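The number in the working numbering is simply the position in the sequence shown, starting from 1, with 5 added. For every residue, glycine included, the Cβ atom is placed at its ideal position computed from N, Cα and C. Everything numeric in this text was worked out from a predicted model, so none of it was measured.
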Amino acid sequence: MKKNNIKQLVNYLDEILPNAYCELNYNKAYELLIAVILSSQTTDKKVNNVTNILFSKYPSLEQLNKANIDDIYNIIKLLGMGQKKALYIKEATHKLLTEYNGIIPNNRALLEQFNGVGRKVANVVLSVLYNVSTIAVDTHVRRIAIRLNIADKKDSNYQIENKLMKLISKDKWSKTHHQLVLFGRYYCTAKKPLCDQCLLNNICKKDIL
Ligand code: SF4
């Protein structure tokens, strides 16, 4: 049953979101890392507004590292958890410069040593920067997997990630991840999902969340 549901979901996503991609804006690899760290508990749109200002004011890793933490806080505070996130930026830029010569490590364990980087952030960075096959489970991916009976409400995000990885072929993990995020953001929203026009109605337990 779950296999059939995932097949229907993946085919549908290919139909309505054939070119899904990460909607966070960045020009340099470290900017993506910072943007994904900042995206915790907020929207990509808000992050893009903030990073547009932050990365213009501090256009290099070195300049961002030297930035006053209070100024970083003032720029990013609208995202929530401003003090914590400002500290993450200071720590990440310092770590990148002192331990990695400014290069984002292509390694999950090393990425997860950065404060503010958990499994989801590491998965997004590895997938977008290094084309590593990953499925990052965020609030959208979680909600859709549960509604479509692919995962249980009591599952952790890690369990959902593993269930999805078992059901989806590895070469489609990253693409499906981006499709799921956009599907959750624009179609299968938490409140008022667009069920009338959704062709997954027959397999959906939409009332569960
Ligand atoms: S039917 Fe509604 S709740 Fe179910 S997947 Fe489609 S949009 Fe989401």
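Where does residue i land, buried or exposed, given buried means 16+ other C-beta within 10 angstroms?
| i | result |
| --- | --- |
| Leu-204 | exposed |
| Leu-226 | For residue 226 there is no data in the structure shown, the boundaries of the chain being 6 and 214. |
| Ser-132 | buried |
| Pro-23 | exposed |
| Thr-194 | exposed |
| Ser-45 | buried |
| Leu-199 | exposed |
| Leu-69 | buried |
| Ile-94 | buried |
| Tyr-163 | exposed |
| Tyr-26 | exposed |
| Ser-161 | exposed |
So residue i and residue j are in contact, right, with Cβ under 8 Å, and what is the actual spacing, rounded?
| i | j | result |
| --- | --- | --- |
| Val-186 | Ile-165 | That belief does not hold up - the Cβ atoms of Val-186 and Ile-165 are roughly 14 Å apart, past 8 Å. |
| Ala-91 | Ile-109 | Incorrect: roughly 20 Å between the Cβ atoms, too far for contact. |
| Leu-18 | Gln-202 | Rounded, the Cβ-Cβ distance is 15 Å, inconsistent with contact. |
| Lys-7 | Asn-154 | 7 Å |
| Thr-144 | Asn-128 | Not quite, the Cβ-Cβ distance comes to about 14 Å (not below 8 Å), so this is no contact. |
| Val-146 | Ile-42 | At roughly 18 Å, the Cβ-Cβ gap does not stay under 8 Å, so Val-146 and Ile-42 are not in contact. |
| Thr-56 | Ile-39 | 7 Å |
| Arg-152 | Lys-210 | 6 Å |
| Leu-29 | Leu-134 | Incorrect: roughly 12 Å between the Cβ atoms, too far for contact. |
| Gly-85 | Thr-47 | 6 Å |
Mapping the DSSP letters down to three states, classify residue i as helix, strand or coil.
| i | result |
| --- | --- |
| Asp-19 | helix |
| Glu-28 | coil |
| Ser-132 | helix |
| Val-41 | helix |
| Glu-117 | coil |
| Val-122 | coil |
| Lys-12 | helix |
| Lys-7 | helix |
| Val-142 | coil |
Note to self: Threshold first: 4 residues or longer. Then list the alpha helix (DSSP H) segments lying entirely within the region 148–211, N to C.
What the structure shows: 162–172, 178–191
Checklist line | Every unbroken alpha helix (DSSP H) within the region 49–107, with a cutoff of 4 residues, ordered by chain | finding: 49–62, 66–71, 74–81, 87–104
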